[in-house]
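Chemist: My numbering puts the first residue of the sequence shown at 151, with every later residue one more than the last.
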Amino acid sequence: MMQFLAKAGLAVMLTAGTLAGTVAPAAAQLNIIIGDQDRDAPRDYRRPAPGYDRPGYDRRPRGCDPRLAEDMARDYGFRRARVVDITPRRVIVQGWTRRGPGEMSFGNVRGCPALRR
């Protein structure tokens, strides 16, 4: 009878030790959420670092902007000015002057310098 009680006590101690080992990790998984749990993380509105997520973000466009060339042609008196050709050296704009259809060339560099009317 004494051996039976010793074995039963040992079994109870092993069972209690096993249960204590599983209860502690389960308690560590407790999450406390205060507020709306479906809310996204706050958005970052700062400008990204140059070249961080968009290639070419830090570079300024080289050459003549076609919209600037059209605006400059309108300043020279062209109506319905539109860019018809862009080459590595020139931006060609066509439109109407008071004498009829006309064409103007701009250099394909920053600032769009006028080459000829």
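A virtual CB, placed ideally from N, CA and C, is assigned to each residue, including glycine. From a predicted model like this one, the values you see are computed outputs, not experimental measurements.
Beta-carbon within less than 8 Å of arginine 240's beta-carbon, same chain only, minus the 5 sequence neighbours each way: which residues are those?
Modeler: So the list reads Ser255, Phe256, Gly257, Asn258, Leu265, once near-sequence residues are dropped.
Chemist: What's the gap between the Cα of cysteine 262 and the Cα of valine 243?
Modeler: Computed Cα separation, rounded: 12 Å.
Chemist: Assign alanine 158 to buried or exposed, taking buried as 16 or more other Cβ atoms, counted over all protein chains shown, within 10 Å of its Cβ.
Modeler: When all chains shown are included, alanine 158 counts as exposed.
Chemist: Spatial neighbours of methionine 163 within its chain, please: C-beta separation below 7 Å, excluding the five flanking residues on both sides.
Modeler: Same-chain partners within the cutoff: there are none.
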